[in-house]
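Take the sequence shown: its letters are residues 5 to 56, numbered as in the working numbering. Every residue gets a Cβ at the ideal spot worked out from N, C-alpha and C, and that includes glycine. Model, not experiment: these values are computed from the prediction. Here's the structure we're looking at; comments come further down.
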Amino acid sequence: MMKKMDGAEEPYMIPGRLMETIKGSFKLKRHNCLKCEKKLKMTIKKAKVEAM
5 MMKKMDGAEE
15 PYMIPGRLME
25 TIKGSFKLKR
35 HNCLKCEKKL
45 KMTIKKAKVE
55 AM
């Protein structure tokens, strides 16, 4: 938060394109994370099948 001259607070505004870039980056990281999670689950399944 940024303080105004009169002492009131106002939220910090992020420029539109920067916000889109940040959101896109988070979506990509989330997608990669879900992809890794899926691979890990498949590896665990394969290991369980081989252990039987």
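Where residue i sits in the DSSP three-state scheme
i, result
"M17", "coil"
"M23", "helix"
"M56", "coil"
Straight-line Cα distance separating residue j from residue i
i, j, result
"M17", "C37", "29 Å"
"A55", "K39", "24 Å"
"F30", "G20", "15 Å"
"G28", "H35", "10 Å"
"E24", "A51", "41 Å"
"K49", "L32", "26 Å"
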